[in-house]
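Report on one structure; see the data block that follows.
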Amino acid sequence: MTVPALSHAITARVSRIPGVVAVSLGGSHARGNARSDSDLDLGLAYDAGRPLDLTALNTICRELDDSGTASATPPGGWGPWVDGGAWLTVGGQRVDFIYRELGRVGKSVKDALAGRVTLHAQPGHPHGIHGHHYAAELAVGVLLHDPSGRVERLRTRLGGYPEPLAESLERHYGWQPNFWLDGAEKGLGRGDLHHAQGCVYQAVMAMVQTLCARERAWLLNEKGAVALAAAQPGAPPGFGKRVNAALAALDVVALRVLASEM
4 MTVPALSHAI TARVSRIPGV VAVSLGGSHA RGNARSDSDL DLGLAYDAGR
54 PLDLTALNTI CRELDDSGTA SATPPGGWGP WVDGGAWLTV GGQRVDFIYR
104 ELGRVGKSVK DALAGRVTLH AQPGHPHGIH GHHYAAELAV GVLLHDPSGR
154 VERLRTRLGG YPEPLAESLE RHYGWQPNFW LDGAEKGLGR GDLHHAQGCV
204 YQAVMAMVQT LCARERAWLL NEKGAVALAA AQPGAPPGFG KRVNAALAAL
254 DVVALRVLAS EM
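Heads up, the sequence shown is in this note's numbering, so the first residue is 4 and it goes up one at a time.
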């Protein structure tokens, strides 16, 4: 995995903003599977006791953005779990600033280590966001600026993928695929396509969560989740293609076969 040069250049700017404790590279660029059109996700860590200087951040957003119009939200502006940030285009490259409050990151690490599985609604995330989500980001991300060492200490505390979390996720999701598929069949039987599609989606996500937990693979969000699960050694043969075909046809029987192979 190569850290894009642009991320270092932007980090040098935003790291000087009062309130920015650390900067990290996340998403597909951190995983090493970014495409040419992938956004560059930069996490801005801050402490609730010392809020970000939004005036300074907005000035840098306008200076960096190709259109000169990008602006940053206040913390919480994008919902309870995505928090807030800014969308920019820098030299033709889409760049996302995403806030992370360090107290909540620390709580997420505790939840992961304890194997606590909680799921929270969040706009933009049809499956939702888990309480251990920030811990997953911490494990996968690349630290670009952390002069106090606070983020690195949290990552050291997390260690690898916690066994209690893997076991809890499999207990939580392992039985769910057929439950959701039962609901899909009932929905199709009464002509409620909307309900059936929702149930099928949740059945697939339950399979994805189970496969990733078994292989101790950190799942960041729904984007690319099927491909990540398909790449795991324990995935049924052709998992990704078979899921896509079943979703396109709303083929409950094919998904039951996949669930049985797991």
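Glycine is no exception: its CB is placed at the ideal position from the N, C-alpha and C atoms.
Put residue i into one of helix, strand or coil per three-state DSSP.
| i | result |
| --- | --- |
| D114 | helix |
| V6 | coil |
| G88 | strand |
| V120 | coil |
| G192 | helix |
| R38 | coil |
| G186 | helix |
| R259 | helix |
| I20 | coil |
| G82 | strand |
| S31 | helix |
| L55 | coil |
| G201 | helix |
| A209 | helix |
| G109 | helix |
| T62 | helix |
Return the CA-CA distance between residue i and residue j, expressed in angstroms with no decimal places.
| i | j | result |
| --- | --- | --- |
| D50 | E225 | 27 Å |
| L147 | H136 | 20 Å |
| A124 | D40 | 27 Å |
| V93 | R156 | 31 Å |
| W90 | D99 | 5 Å |
| S151 | A59 | 21 Å |
| V24 | E173 | 35 Å |
| L67 | S18 | 14 Å |
| H133 | V120 | 7 Å |
| H32 | T5 | 8 Å |
| R16 | R65 | 12 Å |
| F182 | A209 | 10 Å |
| H175 | A48 | 30 Å |
| P77 | G190 | 41 Å |
| D149 | G80 | 24 Å |
| R245 | G237 | 15 Å |
| N36 | D56 | 33 Å |
| S111 | Y102 | 15 Å |
Does the Cβ of residue i have 16 or more other Cβ atoms within 10 Å, making it buried, or fewer, making it exposed?
| i | result |
| --- | --- |
| V256 | exposed |
| A248 | exposed |
| T213 | buried |
| G241 | exposed |
| R97 | exposed |
| H197 | exposed |
| S171 | buried |
| R193 | exposed |
| H11 | exposed |
| G71 | exposed |
| T14 | buried |
| W178 | exposed |
| S263 | exposed |
| P165 | buried |
For residue i, write down the residues that DSSP places opposite it in a beta bridge.
| i | result |
| --- | --- |
| E104 | Y49 |
| I13 | In the DSSP output, where bridge partners are listed per residue, I13 has none listed. |
| A25 | A48 |
| V266 | As shown, the chain starts at 4 and ends at 265. That puts residue 266 outside it, with no answer to give. |
| Q125 | H128 |
Self-check item: Segments of 4+ residues assigned as alpha helix (DSSP H) that fall wholly inside the region 134 to 181
Solution: 136 to 143, 153 to 161 and 166 to 176
Quiz item: In chain order, which alpha helix (DSSP H) runs of at least 4 residues are fully inside the region 213 to 253?
Solution: 228 to 233 and 242 to 252
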